[in-house]
Amino acid sequence: MTRFAAILCLCLAALPLAAEERRLPASRAEISLSFAPVVRETAPAVVNIYARRVVADRVSPFSNDPFFSDLFRNFGRAQPRVQNSLGSGVIVSRDGLVVSNYHVVGQATDIRVVLADRREFDAEVLLSDEESDLAILRLRGAEDLPALDLRNSDTVEVGDLVLAIGNPFGIGQTVSSGIVSGLARSGLSIGGGRGYFIQTDAAINPGNSGGALVDMQGRLVGINTAILSRSGGSNGIGFAIPANLVSRFVDQAREGRARFQRPWAGISGQAVDAGLAEGFGLDVPQGVVLTGLHPESPFAKAGLRRGDVVIELGGAPVNTPQEMLFRLSAEGVGGEIGLRYLRDGRGFEARLALIAPPETPPRDPVTIAGRSVLAGLSVVNLNPAVAQEAGLPADAAGVLVTDPGDVARRVGLRAGDVLVQINDREIRTTRDVAAAARAGGRGWYVEYLRDGRRGALRFRV
11 MTRFAAILCL CLAALPLAAE ERRLPASRAE ISLSFAPVVR ETAPAVVNIY
61 ARRVVADRVS PFSNDPFFSD LFRNFGRAQP RVQNSLGSGV IVSRDGLVVS
111 NYHVVGQATD IRVVLADRRE FDAEVLLSDE ESDLAILRLR GAEDLPALDL
161 RNSDTVEVGD LVLAIGNPFG IGQTVSSGIV SGLARSGLSI GGGRGYFIQT
211 DAAINPGNSG GALVDMQGRL VGINTAILSR SGGSNGIGFA IPANLVSRFV
261 DQAREGRARF QRPWAGISGQ AVDAGLAEGF GLDVPQGVVL TGLHPESPFA
311 KAGLRRGDVV IELGGAPVNT PQEMLFRLSA EGVGGEIGLR YLRDGRGFEA
361 RLALIAPPET PPRDPVTIAG RSVLAGLSVV NLNPAVAQEA GLPADAAGVL
411 VTDPGDVARR VGLRAGDVLV QINDREIRTT RDVAAAARAG GRGWYVEYLR
461 DGRRGALRFR V
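Counting the sequence shown from 1 gives a position; my numbering is that position plus 10.
Here it is in structure tokens:
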């Protein structure tokens with residue numbers, strides 16, 4: 011069964027400096043002979059990251075019995091356990107800003123970074139985002155470090171030569187070469203299916219996450235993050251987060267943001283396939299048809315409506331909803347962006363305001379405590395910001411489950427479900443959830459929405 015292997019990597023051993031003057035290759039002929047000049051320029055800016063986090067594991071009272079241990083795995087007391095992870099990062103500024111993956115450093119309590127020259131620094135996370143799988147670190151006390159320039163990833167073309175630097179399987183620094191195999195890869199089971207990636211056939215194996223994908227001018231093209239593999243090893247299908255999104259993360263980290271802020275889209279859409287293209291009178295499938303708009307969204311304010319086909323955003327063609335969201339994220343909040351769309355076979359242009367998603371109504375987070383059967387259930391009120399983070403329709407309303415807790419999880423409730431009803435109480439706000447938990451009872455009925463479909467749970471305690 012196909013699975014996506016997230017790649018935790020240990021990057022970079024110390025590299026000896028060549029006696030001769032270092033320079034980038036001056037011609038394709040030189041490139042065909044050796045990648046060494048590019049490697050010498052780029053490798054010192056890739057670092058090892060050692061992260062430590064504390065996780066709580068439940069210890070079952072039946073841990074010695076294989077049957078009851080599985081049956082009662084969610085019972086027992088939680089015991090803290092230290093979990094260590096190895097990964098890599100890329101220095102992107104001489105004063106010590108480092109880019110890595112969220113899955114390498116997310117929720118870490120202690121981070122140590124080792125440079126190629128064996129200098130060591132403590133690091134702190136300035137900005138992180140699980141959906142994008144990116145994090146920005148600052149090395150404490152660092153200055154005058156080697157750093158990579160970021161390439162405009164919109165200029166990358168299929169067929170461009172690239173190098174991937176990493177430490178696969180912990181065997182030591184390894185550089186692999188390949189080409190850009192594909193662009194605008196989306197719909198993958200990474201980042202909740204909302205990611206947007208550069209694809210490469212440069213060998214990427216477990217041990218490469220957070221490492222650099224560089225071009226023949228030594229510029230950062232992307233951050234290696236995942237592979238598509240049956241075995242967990244490289245099949246020549248690797249994915250990197252484009253440098254343009256990395257650049258926006260660096261900007262927001264410098265602005266002092268602790269949480270990545272995306273412009274509000276406020277839309278739902280689907281790619282135009284061959285069938286839809288025929289219905290729209292298009293010669294070839296292109297663009298994204300809008301299937302829903304929040305009435306206060308920037309798209310609605312710009313005059314667009316359901317059924318319009320967006321074909322270009324910020325001067326770049328868009329063909330999937332994920333690509334549209336990437337284009338917005340890479341622009342950041344503030345200012346405007348141009349777009350082109352089709353309506354009734356005619357082309358139109360508009361300007362889209364890049365604004366933050368509204369936090370109205372307030373999230374008002376609630377976690378059920380005490381002896382309630384719903385103890386541990388965490389919920390927030392849905393608003394445009396929460397809906398965008400969760401990948402829900404633009405007009406989603408109600409109460410979102412962020413953590414179902416042990417009991418609710420066992421009976422089938424999941425994070426991301428939208429609560430509709432608990433027993434005889436209609437759920438409109440998080441306060442309704444708290445009131446339902448206080449009312450208690452032995453028989454429980456929970457109604458919810460999941461992936462646009464209504465479901466229900468019945469159980470007794």
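All C-beta atoms, glycine included, are put in the ideal place defined by N, C-alpha and C.
Item                                                                                                                                                                           : Value
So who's on the other strand from Trp454, going by DSSP bridges?                                                                                                               : Phe469
Give, in chain order, every unbroken run of the alpha helix (DSSP H) that is at least 4 residues long and sits entirely within the region 275-317.                             : 284-290 and 308-311
By DSSP's criteria, Pro327 is part of a beta bridge. Which residues make up the other side?                                                                                    : Glu322
Give me, in chain order, the residues of the same chain whose beta-carbon lies closer than 6 Å to that of Thr440; leave out the 5 immediate sequence neighbours on both sides. : Asp374, Val376, Val389, Asn391 and Val409
Pick from Arg470, Ala425, Val256 and Ala310: whose alpha carbon is nearest that of Val383?                                                                                     : Arg470
Would Ser98 and Ser110 qualify as a contact pair, given that the criterion is a beta-carbon distance under 8 Å?                                                                : yes
Could you tell me the distance, in whole angstroms, from the CA atom of Gln93 to the CA atom of Val114?                                                                        : 12 Å
What distance in whole Å lies between the Cβ atoms of Ala213 and Val100, which are believed to be in contact at a cut-off of 8 Å?                                              : The Cβ separation is near 18 Å, so there is no contact.
Terminal residues of the continuous beta strand (DSSP E) containing Thr370?                                                                                                    : No beta strand (DSSP E) contains Thr370, which DSSP labels as neither H nor E.
Could you round the C-beta distance between Asn245 and Gly217 to whole angstroms and report it? I think they count as a contact, below 8 Å.                                    : Their Cβ separation, rounded to whole angstroms, is 16 Å, which puts Asn245 and Gly217 out of contact at 8 Å.
Do the CB positions of Leu323 and Arg337 come within less than 8 Å of each other?                                                                                              : yes
On the DSSP letters alone, give me the boundaries of the alpha helix (DSSP H) that Pro394 sits inside.                                                                         : Pro394 to Ala400
Thr235 and Asp143 - do their beta-carbons sit closer together than 8 Å?                                                                                                        : yes
Cβ of Arg229 within 8 Å of Cβ of Leu300?                                                                                                                                       : no
Indicate the three-state DSSP secondary structure (helix, strand or coil) for Glu31 in the structure shown.                                                                    : Caution applies to Glu31, whose pLDDT of 49 falls short of 50 and renders its modelled position unreliable; the value that the coordinates give is listed next. Reduced to three states, the DSSP call for Glu31 is coil.
Per DSSP, which one or two residues make a beta bridge with Glu346?                                                                                                            : Ala363
Going by C-alpha distance, which of Ala404, Gly297 and Thr370 is nearest Arg353?                                                                                               : Gly297
Mind the definition here: the region 324-336 touches the region 268-285 only if three or more C-beta pairs lie below 8 Å; say whether that holds.                              : yes
How is the beta strand (DSSP E) around Gly192 delimited, first residue to last?                                                                                                : Thr184 to Ser196
Return the CA-CA distance between Arg424 and Leu402, expressed in angstroms with no decimal places.                                                                            : 14 Å
Hey, how far is the Cα of Asp164 from the Cα of Leu255?                                                                                                                        : 11 Å
Which of helix, strand or coil does DSSP assign to Gly169?                                                                                                                     : coil
Check Arg50 in the structure and name its three-state DSSP category.                                                                                                           : helix
With H, G and I counted as helix, E and B as strand and the rest as coil, what does DSSP make of Thr440?                                                                       : helix
Suppose the cutoff is 8 Å on Cβ atoms and the five residues either side in sequence are ignored; what does the same chain contact list for Gly462 look like?                   : Pro403
Kindly identify the DSSP beta-bridge partner or partners of Ala174.                                                                                                            : Ser186 and Leu223
DSSP on Glu130, reduced to helix/strand/coil?                                                                                                                                  : strand
Looking at the secondary structure, which residues open and close the alpha helix (DSSP H) in which Ala418 lies?                                                               : Gly415 to Val421
Counting only the same chain and skipping the five closest in sequence on each side, list residues whose C-beta sits under 8 Å from that of Leu335.                            : Arg204, Tyr206, Arg272 and Ala275
Could you check which residue in Val168, Tyr60, Leu193 and Met226 has the C-alpha nearest to that of Arg50?                                                                    : Met226
Pull up the distance between the alpha-carbon of Phe77 and that of Tyr455, whole angstroms please.                                                                             : At Phe77, the pLDDT of 49 sits below 50, so the modelled position is not reliable; the number obtained from the coordinates is stated separately. Straight-line Cα distance between these residues: approximately 29 Å.
Between which two residues does the alpha helix (DSSP H) holding Val5 run?                                                                                                     : Residue coverage of the chain in this structure runs from 11 to 471, which leaves residue 5 outside it and unanswerable.
Since Val389 sits in a beta bridge, which residues does DSSP pair it with?                                                                                                     : Val376 and Val411
Tell me which same chain residues have a C-beta within less than 7 Å of the C-beta of Arg32, skipping the five on either side of it?                                           : Summary for Arg32: the model assigns pLDDT 49, below 50, so the residue's position carries little reliability, and this model does not support an answer.
For my contact list, Pro4 and Leu387 are in at a C-beta cut-off of 8 Å; report their separation, rounded to the angstrom.                                                      : A question about residue 4 goes unanswered here, because the residues of the chain that appear run from 11 up to 471.
With 16 as the cutoff for other CB atoms within 10 Å, does Leu125 come out buried or exposed?                                                                                  : buried
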